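Peer 1: Could you have a look at this structure, given as structure tokens, before my questions?
2 protein chains.
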Amino acid sequence: MARHIRLNAFDMNCVGHIQHGLWTHPRDRSDEYNTLGYWQHLARTAERGLFDGIFLADILGVYDVYRGSADAAIRNAVQIPLNDPTLLVPAMAAVTQHLGFGVTANLTYEPPYLFARRMSTLDHLTGGRVGWNIVTGYLDSAARGLGLTVQPAHDSRYDVGDEYMEVVYKLWEGSWEADAVLRDRAARVFARPEKLHRIVHQGRHFTLDAVHLSEPSPQRTPVLYQAGSSTRGRIFAARHAECVFVSGQTRANTRGLVTDLRERAAGFGRDPAGITIFAGATVVVAPTGAEARDLLEEYRSYASVEGALAHFSSSTGVDFSRYDLDEPIQYRPTDANVSALEAITTRSAEPWTLRRLIDQMVLGSRTRPIVGSPVEVADELQAWVAETGVDGFNLSRTVTPESLEAFVDLVVPELQNRGVFKTEYAPGTLREKLQGPGRAHLPAEHVGASFRKV
Amino acid sequence: MARHIRLNAFDMNCVGHIQHGLWTHPRDRSDEYNTLGYWQHLARTAERGLFDGIFLADILGVYDVYRGSADAAIRNAVQIPLNDPTLLVPAMAAVTQHLGFGVTANLTYEPPYLFARRMSTLDHLTGGRVGWNIVTGYLDSAARGLGLTVQPAHDSRYDVGDEYMEVVYKLWEGSWEADAVLRDRAARVFARPEKLHRIVHQGRHFTLDAVHLSEPSPQRTPVLYQAGSSTRGRIFAARHAECVFVSGQTRANTRGLVTDLRERAAGFGRDPAGITIFAGATVVVAPTGAEARDLLEEYRSYASVEGALAHFSSSTGVDFSRYDLDEPIQYRPTDANVSALEAITTRSAEPWTLRRLIDQMVLGSRTRPIVGSPVEVADELQAWVAETGVDGFNLSRTVTPESLEAFVDLVVPELQNRGVFKTEYAPGTLREKLQGPGRAHLPAEHVGASFRKV
């Protein structure tokens with residue numbers, strides 16, 4: 001039996017997420033991002049398509065490198081306005097049974113004691129369907145919002161991250177023993193105090209002396225996602241992440257990232273195959289290839305190069321407005337954006353110019369869309385899996401919600417016919433759906449499991 | 001026409017909230033607090049009863065003063081386990097149209113930049129039905145959870161609070177002008193950069209240089225609740241709060257608090273009648289008075305004195321386990337719990353003993369329940385309003401959800417028959433429902449309005 005492809009809908013609590021400018025398309029509904037009905041429809045659609053989850057990105061700050069201001073981002077709604085992603089999950093969970101939720105949260109700015117409770121609450125309310133995409137942040141504008149003058153240096157952010165993870169593992173795994181909660185009405189004992197443990201942590205960056213406020217949730221530690229592609233980020237992912245989102249632009253590049261990541265995970269004593277790796281993908285599908293290419297041209301007429309450049313300038317720290325179209329682009333890697341620049345460096349053989357960059361921005365981003373009939377799209381997705389070793393895809397939206405609806409209606413049945421996509425959900429929590437029955441908690445070889453009391 | 005009484009359901013994302021021990025009652029469902037269905041049923045019931053809102057308490061930390069440990073609190077589920085309240089709101093909002101949501105959040109521990117976005121997100125998703133109960137915290141155990149050795153001193157917490165409010169007012173009221181967002185697809189302009197303002201704040205406790213991440217929500221600033229009863233807390237409330245929750249144990253005591261609060265508000269140039277004041281109330285109602293008194297006795301047999309003492313020991317900082325039943329209770333007010341002790345001091349003429357205290361704890365708390373037929377309960381509620389000047393009540397639960405269901409089925413119609421309770425919701429946001437049509441935003445005389453750009 002062929003291995004099943006995993007699918008997440010990749011989204012963000014905002015108007016323009018990856019494919020900028022498409023909010024101006026007459027059928028696009030992304031400007032209803034601030035209503036519950038919009039998200040509940042999206043969740044129902046993803047569950048109808050048996051998607052593993054909805055993966056919600058987040059960023060704290062604005063894209064203000066391009067032309068030295070946030071004006072282009074604001075005009076084109078490039079991830080601004082941007083609302084909190086966690087608050088979408090309870091409403092989407094209420095209208096679904098199986099769909100998972102990967103929520104991005106930046107550990108640089110939230111105290112671990114409160115954050116651990118927030119994630120436990122989500123895991124309770126969703127019945128164990130929550131994942132956390134661990135982000136350490138990269139925007140100077142975010143640091144200024146939080147009262148810092150500049151960002152902490154890149155590698156030191158990951159050191160803080162390792163200690164932060166230790167604190168939240170202790171809270172999630174080590175504070176309440178498995179048999180602490182009795183709910184015994186007759187004996188009038190809700191929980192047994194001797195089975196609760198105060199977490200005393202005296203570290204370099206965090207100090208804590210408290211019991212976790214939440215009783216154990218179905219998964220305890222949420223399913224851990226990570227998306228760092230820098231070397232330090234990959235070490236962090238190999239140690240902590242159960243799902244990784246890689247964004248290699250080419251198959252060769254992605255294959256390298258996947259191999260490296262699985263090797264590093266094995267180095268931490270983990271099962272390399274147990275890490276679920278998602279590649280980013282953008283799909284434009286229609287019943288026939290010709291219709292799909294027409295649809296791409298239609299969408300393309302609404303895309304925004306200005307929005308795409310505003311986004312990419314902040315991703316790389318390079319103000320692309322300062323270059324003429326055919327002038328070679330010089331850049332100096334800075335700490336704040338080393339991962340995006342490493343990605344460029346490995347991808348690019350010939351000199352970069354603005355013209356080449358804009359040519360790549362087909363749908364308002366540098367991500368090249370997969371365009372075609374259901375058969376063509378399925379072929380391409382299967383080829384990616386075969387050639388790169390990824391387990392599945394984070395599908396970004398184009399014109400929403402029709403891009404997800406089209407994928408569910410056209411591509412999912414094709415993948416099912418080929419036996420490479422599930423025809424029903426597995427039972428249990430998100431971690432059990434990914435790892436198998438009875439595996440609701442972190443596996444014993446995961447670093448987080450070492451903080452268990454029993 | 002008689003003035004309408006306001007009603008909130010007072011609750012908390014936990015098992016034991018105010019009336020401790022009642023979770024052991026066979027019909028009580030509070031141990032389902034960690035499921036969405038439980039809260040959606042509660043919200044639907046409150047909206048069926050035309051309640052103004054659900055008011056969600058919160059506390060960061062555990063009650064560990066009684067016997068010098070948290071054991072009694074843990075055994076009796078006295079606000080531990082305790083999940084995050086904000087995450088309940090989107091799910092409850094999805095099944096209601098009018099119900100408001102007052103969410104408690106402690107400003108001592110959350111960066112204003114992130115918190116402001118969280119509240120704006122809730123206000124968007126609920127269509128303008130969100131209130132914020134501003135808390136500065138009082139538990140040392142919470143401070144230890146957040147990495148501090150002891151709490152900041154009481155009055156200085158309110159000074160930090162005033163500056164925190166200034167920062168969030170600037171973000172909510174001053175960052176995006178009213179006509180900043182165009183959503184103009186044809187012109188390809190989502191928002192006009194010249195209508196957005198970076199908030200530059202260099203204060204004693206906070207530094208910020210950022211635009212607010214969220215576009216203006218229906219109310220911009222959420223409806224502001226406060227519950228501080230210390231002198232410094234009342235000054236804070238008179239300056240900022242639009243709704244105040246007072247907890248005077250007697251009518252005379254409550255009347256004094258209400259008068260003081262309205263006078264102080266007038267001193268800040270505000271309309272004293274524009275502040276909506278809620279008193280705490282616990283109601284046990286049945287079709288006849290005799291049945292209600294039987295029901296009280298039934299409930300009472302499940303109440304927990306140990307749980308009530310664990311709670312009250314932390315509220316006051318006095319370990320009541322150290323006293324014999326008839327020994328006069330000595331206490332020294334400490335900063336951390338000055339408000340509860342001020343309340344005792346003003347209430348108590350004769351010496352305090354443990355026996356007197358326990359006698360008062362009828363249903364697992366010091367709150368004396370109102371018990372009777374619908375007519376008797378309505379009489380009592382009206383007498384409270386007439387004699388104290390409060391606008392309404394925060395109704396705490398006893399055996400849940402039946403206590404709210406009984407109130408909605410029995411007391412609400414009686415209040416409506418008397419013309420003192422609404423028969424339909426007013427249109428608009430929560431602030432408009434409280435203040436009148438067209439008043440979705442803070443009034444001009446409120447301190448928060450001074451931070452508007454236009």
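Residue numbers (the UniProt record's numbering), protein chains in the order written: chain D, 1 to 454; chain G, 1 to 454. For glycine and all other residues, C-beta sits at the position ideal for the given N, C-alpha and C. Just so we're clear, the structure is a prediction, and the values are computed from it rather than from any experiment.
Within the same chain, show all residues whose beta-carbon is closer than 6 Å to that of residue 345(G), passing over the 5 residues directly before and after it, in chain order.
Peer 2: Residue mapping note: residue 345(G) aligns to position 345 of the second sequence, counting from 1. Legend: pLDDT at residue 345(G) = 45, less than 50; position of this residue unreliable, value from coordinates given subsequently. Nothing meets the Cβ criterion.
Peer 1: Let me know the alpha helix (DSSP H) ranges lying completely inside the stretch 147-217 of chain G, each 4 residues or longer, listed in chain order.
Peer 2: The qualifying runs are 154-174.
Peer 1: Can you pull the chain D neighbours of residue 102(G), defined as C-beta to C-beta under 9 Å?
Peer 2: Position 102 of the second sequence holds residue 102(G). Within chain D, no residue comes near residue 102(G); the closest Cβ sits about 16 Å away, beyond 9 Å.
Peer 1: So with Cβ pairs under 9 Å, would you call residue 295(G) a contact of chain D?
Peer 2: What you label residue 295(G) is simply residue 295 of the second sequence in a count that begins at 1. No, because no Cβ of chain D sits closer than 9 Å to the Cβ of residue 295(G).
Peer 1: Going by DSSP, name the residue or residues bridged to residue 455(D).
Peer 2: A question about residue 455(D) goes unanswered here, because the residues of chain D that appear run from 1 up to 454.
Peer 1: How do the stretch 205-216 of chain D and the stretch 166-182 of chain D stand: do at least 3 beta-carbon pairs fall below 8 Å, yes or no?
Peer 2: With the cut-off at 8 Å, the stretch 205-216 of chain D and the stretch 166-182 of chain D touch.
Peer 1: Do residue 280(D) and residue 21(D) have their C-beta atoms closer together than 9 Å?
Peer 2: Numbered from its first residue, the first sequence carries residue 280(D) at position 280. Numbered from its first residue, the first sequence carries residue 21(D) at position 21. No, they are not a contact pair.
Peer 1: Would residue 25(G) pass as an interface residue toward chain D - the criterion being a Cβ-Cβ separation below 9 Å?
Peer 2: Sequence index remark: in the second sequence, residue 25(G) carries index 25 (1-based). Yes, because at least one Cβ of chain D sits closer than 9 Å to the Cβ of residue 25(G).
Peer 1: Ignoring anything shorter than 4 residues or poking outside the stretch 61-132 of chain G, list the alpha helix (DSSP H) runs there in chain order.
Peer 2: For the stretch 61-132 of chain G, whole alpha helix (DSSP H) runs of length 4 or above, ordered along the chain, are 71-75, 89-93 and 112-125.
Peer 1: Report yes or no: is there a C-beta of chain D within less than 9 Å of the C-beta of residue 336(G)?
Peer 2: Counting from one through the second sequence, the residue named residue 336(G) turns up at place 336. Confidence at residue 336(G) is low in this model, with a pLDDT of 46, below 50, so the placement of that residue should be treated as unreliable; the coordinate-derived value is given next. Chain D contact via Cβ: absent.
Peer 1: Name, please, each residue of chain A whose Cβ falls closer than 8 Å to the Cβ of residue 15(D).
Peer 2: Among the protein chains in the structure shown, which are D and G, there is no chain A.
Peer 1: Please name the residues in the stretch 27-61 of chain D whose beta-carbon is closer than 8 Å to at least one beta-carbon of chain G, in chain order.
Peer 2: If the cut-off is 8 Å between Cβ atoms, the stretch 27-61 of chain D has 31, 34, 35, 36, 40, 60 and 61 near chain G.
Peer 1: Let me confirm a value: residue 328(D) is counted as buried when at least 16 other C-beta atoms fall within 10 Å, else exposed. Which label applies?
Peer 2: Your numbering for residue 328(D) matches position 328 in the first sequence. That one is exposed.
Peer 1: In whole angstroms, give me the CA-to-CA distance for residue 378(G) and residue 31(G).
Peer 2: For the purposes of this step, residue 378(G) is taken as residue 378 along the second sequence, with counting starting at 1. For the purposes of this step, residue 31(G) is taken as residue 31 along the second sequence, with counting starting at 1. Their backbone Cα atoms lie some 30 Å apart in a straight line.
Peer 1: Since residue 430(D) contacts residue 129(D) with CB under 8 Å, what's their CB separation in whole angstroms?
Peer 2: For the purposes of this step, residue 430(D) is taken as residue 430 along the first sequence, with counting starting at 1. For the purposes of this step, residue 129(D) is taken as residue 129 along the first sequence, with counting starting at 1. Sure, about 5 Å apart at Cβ, within 8 Å.
Peer 1: Quick one: any contact between the stretch 5-13 of chain D and the stretch 386-395 of chain D, if contact means 3 or more CB pairs under 8 Å?
Peer 2: Enough Cβ pairs lie closer than 8 Å, so yes.
Peer 1: Measure from the C-beta of residue 133(G) to each C-beta in chain D and report whether the shortest distance is under 9 Å.
Peer 2: Residue numbering aside, residue 133(G) sits at position 133 when the second sequence is read from its first letter. No - not a single Cβ of chain D is within 9 Å of the one on residue 133(G).
Peer 1: Does the beta-carbon distance from residue 404(D) to residue 45(D) come in below 9 Å?
Peer 2: Locating residue 404(D) in the first sequence gives position 404, counting from the first residue. Locating residue 45(D) in the first sequence gives position 45, counting from the first residue. Yes.
Peer 1: Would residue 13(G) and residue 83(G) be called neighbours here (beta carbons separated by less than 9 Å)?
Peer 2: Within the second sequence, numbered from 1, the residue matching residue 13(G) stands at position 13. Within the second sequence, numbered from 1, the residue matching residue 83(G) stands at position 83. Yes, they are a contact pair.
Peer 1: Note down, in chain order, every chain D residue with its Cβ under 7 Å from the Cβ of residue 145(G).
Peer 2: Residue mapping note: residue 145(G) aligns to position 145 of the second sequence, counting from 1. The contacting residues are 113, 208 and 210.
Peer 1: Look up residue 33(D) in the DSSP assignment and say whether it is helix, strand or coil.
Peer 2: Indexing the first sequence from 1 puts residue 33(D) at position 33. Residue 33(D) falls in the coil class under three-state DSSP.
Peer 1: Distance check for residue 322(G) and residue 313(G), CA to CA, integer angstroms please.
Peer 2: Within the second sequence, the letter at position 313 stands for residue 313(G). Within the second sequence, the letter at position 322 stands for residue 322(G). Near 11 Å, if we compare the C-alpha coordinates of residue 322(G) and residue 313(G).
Peer 1: Would you decide whether residue 343(G) is buried or exposed? Buried here means 16 or more other CB atoms lie within 10 Å of its CB.
Peer 2: One-based indexing of the second sequence puts residue 343(G) at position 343. Unreliable positioning characterises residue 343(G) in this predicted model, as indicated by a pLDDT of 49, which lies under 50. A coordinate reading is not provided.
Peer 1: Judging by CA-CA distance, which residue of 297(D), 225(D), 76(D) and 407(D) is the nearest neighbour of residue 304(D)?
Peer 2: To locate residue 304(D), count along the first sequence from 1; it is residue 304. Minimum Cα distance to residue 304(D) is reached at 76(D).
Peer 1: From this set, 186(D), 134(D), 373(D) and 102(D), which residue's C-alpha is nearest residue 295(D)'s C-alpha?
Peer 2: In the first sequence, residue 295(D) corresponds to position 295, counting from 1. Minimum Cα distance to residue 295(D) is reached at 373(D).
Peer 1: Chain G beta carbons: is any one of them nearer than 9 Å to that of residue 110(D)?
Peer 2: Locating residue 110(D) in the first sequence gives position 110, where the first residue counts as 1. Yes - at least one Cβ of chain G is within 9 Å of the one on residue 110(D).
Peer 1: Tell me which residues share the same chain as residue 293(G) and place their Cβ nearer than 7 Å to its Cβ, disregarding the 5 neighbours each side in the sequence.
Peer 2: What you label residue 293(G) is simply residue 293 of the second sequence in a count that begins at 1. Excluding sequence neighbours, residue 293(G) sits near 371.
Peer 1: Count the other CB atoms, across all protein chains shown, that sit within 10 Å of the CB of residue 166(D); report buried if there are 16 or more and exposed otherwise.
Peer 2: Residue 166(D) sits at position 166 when you count from the first residue of the first sequence. Buried: at least 16 other Cβ atoms inside 10 Å.
Peer 1: Between residue 90(G) and chain D, is there a C-beta pair that is closer than 9 Å?
Peer 2: In the second sequence, the residue the question calls residue 90(G) occupies position 90. Taking Cβ atoms only, chain D reaches closer than 9 Å to residue 90(G), which makes this a yes.
Peer 1: Spatial neighbours of residue 227(D) within its chain, please: CB distance less than 6 Å, with the 5 preceding and 5 following residues excluded, ordered by chain position.
Peer 2: Sequence index remark: in the first sequence, residue 227(D) carries index 227 (1-based). Taken in chain order, the residues that qualify are 245.
Peer 1: On the premise that residue 43(G) lies in contact with residue 122(G), defined as a C-beta separation below 8 Å, what is that separation, rounded to the nearest angstrom?
Peer 2: Reading the second sequence from its first residue, position 122 is the one you call residue 122(G). Reading the second sequence from its first residue, position 43 is the one you call residue 43(G). Contact doesn't hold; Cβ gap of about 14 Å is too wide.
Peer 1: In or out: residue 135(D) buried (at least 16 other Cβ within 10 Å) or exposed?
Peer 2: Mapped onto the first sequence, residue 135(D) falls at position 135. It counts as buried.
Peer 1: Just to confirm the assignment, what range does the alpha helix (DSSP H) spanning residue 57(G) have?
Peer 2: In the second sequence, the residue the question calls residue 57(G) occupies position 57. Where residue 57(G) is concerned, there is no enclosing alpha helix (DSSP H), although the beta strand (DSSP E) it sits in stretches over 53-57.
Peer 1: Name, going along the chain, the residues of the stretch 154-185 of chain D whose beta-carbon falls closer than 7 Å to a beta-carbon of chain G.
Peer 2: Taking 7 Å as the Cβ-Cβ cut-off against chain G, the residues of the stretch 154-185 of chain D that qualify are 183 and 185.
Peer 1: Please identify the residue among 271(G), 116(G), 204(G) and 92(G) whose C-alpha is closest to the C-alpha of residue 217(G).
Peer 2: One-based indexing of the second sequence puts residue 217(G) at position 217. Nearest of 271(G), 116(G), 204(G) and 92(G) to residue 217(G), Cα basis: 116(G).
Peer 1: Pair every Cβ in the stretch 236-253 of chain G with every Cβ in the stretch 190-198 of chain G, then say whether three or more of these pairs are closer than 8 Å.
Peer 2: The answer is no - the stretch 190-198 of chain G does not touch the stretch 236-253 of chain G, with fewer than three Cβ pairs under 8 Å.
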